[in-house]
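In what follows, a single structure is set out as structure tokens and then discussed.
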Amino acid sequence: MKERIKLIKGDIVEQEVDAIVNAANSALAGGGGVDGAIHRAGGPTIDEECRVIREQCGGCPTGHAVITGGGNLKAKYVIHAVGPIWKGGNFNEDNLLASAYIESLKLAEEYNIKTIAFPSISTGAYGFPVERAARIALRTVADYLVNSDIKEVRFILFSERDYEVYLKAYNEL
Ligand code: AR6
78 MKERIKLIKG DIVEQEVDAI VNAANSALAG GGGVDGAIHR AGGPTIDEEC RVIREQCGGC
138 PTGHAVITGG GNLKAKYVIH AVGPIWKGGN FNEDNLLASA YIESLKLAEE YNIKTIAFPS
198 ISTGAYGFPV ERAARIALRT VADYLVNSDI KEVRFILFSE RDYEVYLKAY NEL
């Protein structure tokens, strides 16, 4: 289902889609990278909703996702997905990364989200090698879309290099 996947070089906060995905941490505590950018652009309601989820559920385990409104963003929702911290590759990182994408897509379906934009989860502060992450992300999403009515999944790559890495993985799908 490659045809429904689009690769874009840019800033995820500017995307006009039903939902954007945040690369969050288990504490839903905010942070740098794409998380910081989304909270800055979306305003305080996103943090407030994260705080409620934290109090009710204690956060979000690695490989899972939770959803909030989009605040001031163009997107109606933000899905906060928690990818794994890279520890060398023998700590179930591949499966946990795939799970972060799958759980995000499941939540999207629950909320009738038809268009969704992902960042490159785990490949910044969490240190997951980008070539390996790109293959897992694209394969996982392409497989998922076979049985889904989600119309479009965008991958928003923040650097030219990441864009090229994802493009290569896309062409090899
Ligand atoms: N739009 C799209 N991609 C972005 C943007 C943006 N505005 N800003 C950064 N990226 P990271 P992680 C890229 O570190 O590795 C946070 O502190 C970035 O270049 O944001 O999953 C959280 O709170 C990289 O390619 O997420 C967690 O504690 C990709 O987004 C932790 O970092 C992911 O980098 C999560 O680490």
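Residue numbers (the working numbering): 78 to 250.
Think of the CB as a built atom: it goes at the ideal place given N, C-alpha and C, for glycine as much as any other residue.
- Scanning the region 174-225 for uninterrupted alpha helix (DSSP H) segments of 4 residues or longer gives 207-222, listed from N- to C-terminal end.
- In terms of side-chain proximity, the C-beta atom of residue 96 is found no nearer than 7 Å to any non-hydrogen atom of ligand 1.
- Residue 101 sits buried, since 16 or more C-beta atoms from the chains shown fall within 10 Å of its C-beta.
- Taking 7 Å as the cut-off, the C-beta of residue 225 does not count as close to any heavy atom of ligand 1.
- Per DSSP, the unbroken alpha helix (DSSP H) holding residue 246 starts and ends at 237-248.
- Taking a contact to require three or more Cβ pairs closer than 8 Å, the region 81-98 and the region 141-160 qualify as touching.
- Look at residue 160 here: in three-state DSSP terms it is coil, with no helix or strand label.
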